[in-house]
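Novice: Residue numbers for the sequence shown follow my numbering, so the first one is 453 and each next one is one higher.
Got a structure here, written out as structure tokens. Questions coming.
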Amino acid sequence: ARDCGKHVMVAGIESQNQGVEFYSKANPFCLDDEAIKWVEDTFASMTEDEKCGQVFCPMGFSNDDNVLRGIVEGAAVGGMMYRSGPAKELRATHRKIQDMARIPLLIAANTEAGGDGLSFEGTSFGKPMAVAATNDPENGYRMGYVACKEGAALGLNWSFAPIVDINREFHNPITNVRTFGDDPKKIEAFASRYMDGADECGVAVSIKHFPGDGIDERDQHIVTSVNSLGVREWDESFGYIYGSLIGKGAKTVMVGHIAQPAYVKEINRDATKEEMLRPASLSKELLQGLLRGKLGFNGLIITDATPMVGFTSAMPRSRAIPTAIMSGCDMILFNKDLSEDIGFLKDGLKSGLLTNERLDEAVLRILATKASLGLHVKQREGRLVPPEDAIDIVGCSEHRAFAKEVADKAITLVRDEKALLPVNPGKYKRIYLNVIDKEMDPCSDFALMWKEKLEKEGFEVTVRDRRTRITPMDFMDVENLPDKKKALLNEMYRSVSEMKKDYDLYIYVCNMENASNNTTLRLNWNVLFGLGDDAPWHAKEIPMIMVSTAYPYHLFDAPMIGTYINAYSGNEDFCNAVIEKLMGRSKFEGVSPIDPFCGKDYI
453 ARDCGKHVMV
463 AGIESQNQGV
473 EFYSKANPFC
483 LDDEAIKWVE
493 DTFASMTEDE
503 KCGQVFCPMG
513 FSNDDNVLRG
523 IVEGAAVGGM
533 MYRSGPAKEL
543 RATHRKIQDM
553 ARIPLLIAAN
563 TEAGGDGLSF
573 EGTSFGKPMA
583 VAATNDPENG
593 YRMGYVACKE
603 GAALGLNWSF
613 APIVDINREF
623 HNPITNVRTF
633 GDDPKKIEAF
643 ASRYMDGADE
653 CGVAVSIKHF
663 PGDGIDERDQ
673 HIVTSVNSLG
683 VREWDESFGY
693 IYGSLIGKGA
703 KTVMVGHIAQ
713 PAYVKEINRD
723 ATKEEMLRPA
733 SLSKELLQGL
743 LRGKLGFNGL
753 IITDATPMVG
763 FTSAMPRSRA
773 IPTAIMSGCD
783 MILFNKDLSE
793 DIGFLKDGLK
803 SGLLTNERLD
813 EAVLRILATK
823 ASLGLHVKQR
833 EGRLVPPEDA
843 IDIVGCSEHR
853 AFAKEVADKA
863 ITLVRDEKAL
873 LPVNPGKYKR
883 IYLNVIDKEM
893 DPCSDFALMW
903 KEKLEKEGFE
913 VTVRDRRTRI
923 TPMDFMDVEN
933 LPDKKKALLN
943 EMYRSVSEMK
953 KDYDLYIYVC
963 NMENASNNTT
973 LRLNWNVLFG
983 LGDDAPWHAK
993 EIPMIMVSTA
1003 YPYHLFDAPM
1013 IGTYINAYSG
1023 NEDFCNAVIE
1033 KLMGRSKFEG
1043 VSPIDPFCGK
1053 DYI
């Protein structure tokens, strides 16, 4: 933990802010006198318009000078975030907006799983769950270091990571492999080491998504989800994680659009049902009572993306924007319309929905965060964005080697009941490969990659075409069906003995990746009349293996699979590692960070 001394109020700020309690020498800011003076002087020079703009962190969609000038100079935003793009273009854009800004910007990215969170060329280190499956927190450090080193080379100074959600609801479509698993102690250990790597690169972390995702099966992108843990359960899990990382010096916390009714009621006995089910991003009880109060967090609080339905459905946006700041958030992430949102904030100031004191406190925390990263010094010295040759570190061989090592150690053999492994062409020459993903295309890059890798090992591989479906009407004129449908119909009705003559081994590769705005990631088989043409009805007839390169809970829908492997990631390093282990050239070392049997003792 950082030893920054006791909470000390910034000199001169109290009189300007009518008693706002703002602590700059304390954890996590730890500012020296020069930095404090910069915060004071900058704050004193700001107009109300600049203060209102400073609390917004919009999404960057353009590199056009006029567009950027309107956002950075006109709106005077406090930060910006770009999604992954070409490294050189992003670096140039970051340099451009930092040159435009009077007050240096926080430049953010979702570097949750490597440098590819900011640039296409960045190192894909592996999903957090894969890193946790190595069972070595040192890989958490490497993950943070690689992600932030590569990001910092492009001007990044704020990582929206590590994710510290606890994946206890296996149905949740957005958490799973984005988390370090379901064990609070393991999550804390890996997240703590990620922080060490980020700190070493001069990048602030944002631990997320307070008060904790992974308990509800629903996605906060499309509904205000609920963390339904009781107070004691929350304290022993999420409370333990957040308390530890706050004590260690996490500079920022990202607040989700997730309700925590038990703690709202604990803090406010008179809370209404509406208040109990209000997202944390709009809850004074959770932000000021729990996060600031009980957990003692003194750093910057930012909302999760405010166009998400979990936020927008809670109250009218004209009220929600000023309410988020008044409730305790310091920054607003993303907008429906930036100028409109700024207008909503100003209207809130006029109506009293937001006080000047609370706005000032938010702005001071933003400035203190920037000062704690030395942005004021870097701006003065022209170092906010490194020189162009710094890009050489992005996707470098050393970082790729770290990623390959994680892939090798992460792959987890969940079970091999009939000892099918290792496989070889002498025993299982003919493979029927069924790649289950959202594309359903047997000629997709992912499906062809697996086919080619298996053929290189000497197997004969047939890839199932999942796009073709039989309908009841097809039975009315079987003779005139297209050849693909005839083949599928034959497959559905042929005898077991005929089928066994064609294939020696059936391999499912399930690449059901998590993504926002989904309701489920469950396996959906192509079936007709219960004939199970796509489902593993033949699990007792032909040797069968399932490899999941994403969602780690497929045994819930496929309990009949006797040999099941979790790879956690579908990038080529992980696929290569799976092949090595299937062939017996490498041992399985992964330790599952979650219960792949989903709490079902009958799987």
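Virtual Cβ for every residue (Gly too), placed ideally from N, Cα, C.
Just to confirm the assignment: which complete alpha helix (DSSP H) runs, minimum length 4, are found wholly within the stretch 756–821?
Specialist: Complete alpha helix (DSSP H) runs here, min 4: 761–764, 769–779, 790–803.
Novice: How about Gly567 and Glu602: are their beta carbons less than 8 Å apart?
Specialist: Cβ distance < 8 Å, so Gly567 and Glu602 count as in contact.
Novice: CB-CB under 6 Å to Ala487, same chain, minus the five flanking residues each way: which ones, in chain order?
Specialist: Correct list, in chain order: Ala823.
Novice: Is Val583 buried or exposed, if buried means 16 or more other CB atoms sit within 10 Å of its CB?
Specialist: Per the 10 Å Cβ criterion, buried.
Novice: By how many angstroms is the C-alpha of Arg771 removed from the C-alpha of Phe796?
Specialist: One C-alpha to the other measures close to 7 Å.
Novice: Considering Cα atoms alone, identify which of Lys788, Arg919, Asn876 is closest to Pro894.
Specialist: Among Lys788, Arg919, Asn876, the Cα nearest to that of Pro894 is on Arg919.
Novice: When DSSP builds the beta bridges, which residues end up paired with Gly566?
Specialist: Note: Gly566 sits in a beta bridge opposite Ser576.
Novice: Sort Glu564, Ala641, Asn720, Asn619 by Cα distance to Glu590 and report the nearest one.
Specialist: Nearest C-alpha to Glu590: Ala641.
Novice: Return the Cβ separation of Asn963 and Ile626 in integer angstroms, given the expectation that the two are a contact with Cβ distance under 8 Å.
Specialist: Going by Cβ atoms, the distance from Asn963 to Ile626 rounds to 17 Å, so no, they are not a contact pair.
Novice: Do the CB positions of Ile994 and Ile959 come within less than 8 Å of each other?
Specialist: Cβ atoms of Ile994 and Ile959: not closer than 8 Å.
Novice: If you draw a straight line from the C-alpha of Lys861 to the C-alpha of Cys1027, how long is it?
Specialist: Cα-Cα distance, rounded: 13 Å.
Novice: Using the C-alpha atoms, what's the distance from Tyr715 back to Val683?
Specialist: Cα-Cα distance, rounded: 6 Å.
Novice: I'd like to check one pair, Ile693 with Phe748: are the Cβ atoms closer than 8 Å?
Specialist: In the sequence under discussion, the amino acid at residue 748 is Gly, which differs from the Phe named in the question. Taking 8 Å as the Cβ cut-off, Gly748 and Ile693 do not qualify as a contacting pair.
Novice: For Ser536, which option in Asp516, Asp517, Glu564 has the closest C-alpha, if you only look at C-alpha atoms?
Specialist: Answer by Cα proximity: Glu564.
Novice: If you follow the alpha helix (DSSP H) that Cys504 is part of, which residue opens it and which one closes it?
Specialist: Run containing Cys504: 500–506, per the alpha helix (DSSP H) assignment.
Novice: In angstroms with no decimal places, state the Cα-to-Cα distance between Ala939 and His990.
Specialist: Each residue's Cα considered, the two are about 18 Å apart.
Novice: Decide if Lys1039 is buried, meaning its Cβ has at least 16 other Cβ atoms within 10 Å, or exposed.
Specialist: Under this definition Lys1039 is an exposed residue.
Novice: What residue ranges within the stretch 828–894 form continuous alpha helix (DSSP H) runs of no fewer than 4 residues, ordered along the chain?
Specialist: Qualifying alpha helix (DSSP H) stretches, in chain order: 849–862.
Novice: If you compare alpha carbons, which of Ser658, Lys992, Gln831, Glu904 is closest to Asp617?
Specialist: Per the Cα distances, Ser658.
Novice: Under three-state DSSP, which class holds Asn1018?
Specialist: Note: Asn1018 maps to strand in three-state DSSP.
Novice: Between the Cα of Asn720 and the Cα atoms of Val705, Lys660, Lys736, Val707, which residue gives the shortest distance?
Specialist: Selected option, being the one with the closest Cα: Lys736.
Novice: Hey, is Ala732's beta-carbon within less than 8 Å of any beta-carbon in chain D?
Specialist: No chain D appears in the structure shown, which is made up of a single protein chain.
Novice: Mapping DSSP to helix, strand and coil, what is Leu558?
Specialist: Three-state DSSP puts Leu558 in a strand.
Novice: Grab me the residues of Glu652's own chain with a C-beta within less than 7 Å of its C-beta, minus the 5 sequence neighbours each way, in chain order.
Specialist: Closer than 7 Å at Cβ, skipping near neighbours: Tyr597.
Novice: Report the residue from Ile639, Lys489, Lys802, Arg543 whose alpha carbon sits nearest the alpha carbon of Ser514.
Specialist: Residue Arg543 is the option with its Cα nearest to Ser514.
Novice: Indicate the three-state DSSP secondary structure (helix, strand or coil) for Val418 in the structure shown.
Specialist: As displayed, the chain neither begins before 453 nor continues past 1055, which places residue 418 out of reach and without an answer.
Novice: Got a sec, what are the start and stop residues for the alpha helix (DSSP H) His546 sits in?
Specialist: Per DSSP, His546 belongs to the alpha helix (DSSP H) from 539–552.
Novice: Closest to Ile777 by C-alpha separation, out of Gly741, Asn479, Asn679, Phe508, would be which residue?
Specialist: Taking only the C-alpha atoms, the option nearest Ile777 is Phe508.
Novice: For Ala605, name the three-state secondary structure that DSSP assigns.
Specialist: Reduced to three states, the DSSP call for Ala605 is coil.
Novice: Within its chain, find whatever has a CB closer than 6 Å to the CB of Glu473; leave out the 5 residues flanking it on each side and keep chain order.
Specialist: Note that Glu473 scores 40 on pLDDT, short of 50, meaning its location in the model is unreliable; the coordinates nonetheless yield the value given after this. Correct list: empty, nothing qualifies.
Novice: Just to confirm, are Thr631 and Gly607 a CB contact at a threshold of 8 Å?
Specialist: Going by C-beta atoms, Thr631 is not nearer than 8 Å to Gly607.
Novice: Contact defined as beta carbons within less than 8 Å: I believe Lys788 pairs with Pro759. What is the distance between those atoms, to the nearest angstrom?
Specialist: About 6 Å; that satisfies the 8 Å criterion.
Novice: Beta strand (DSSP E) containing Met426: first to last residue?
Specialist: Any property of residue 426 remains undetermined from this structure, which presents the chain solely from 453 to 1055.
Novice: Taking 8 Å as the threshold (C-beta atoms), are Gly762 and Pro731 in contact?
Specialist: Cβ distance < 8 Å, so Pro731 and Gly762 count as in contact.
Novice: Beta-carbon within less than 7 Å of Lys937's beta-carbon, same chain only, minus the 5 sequence neighbours each way: which residues are those?
Specialist: Contacts found: Thr920, Ile922, Asp926.
Novice: Given that a residue counts as buried once 16 or more other Cβ atoms are within 10 Å of its Cβ, and exposed if not, what is Thr494?
Specialist: By the neighbour-count rule (16 or more Cβ atoms within 10 Å), Thr494 is buried.
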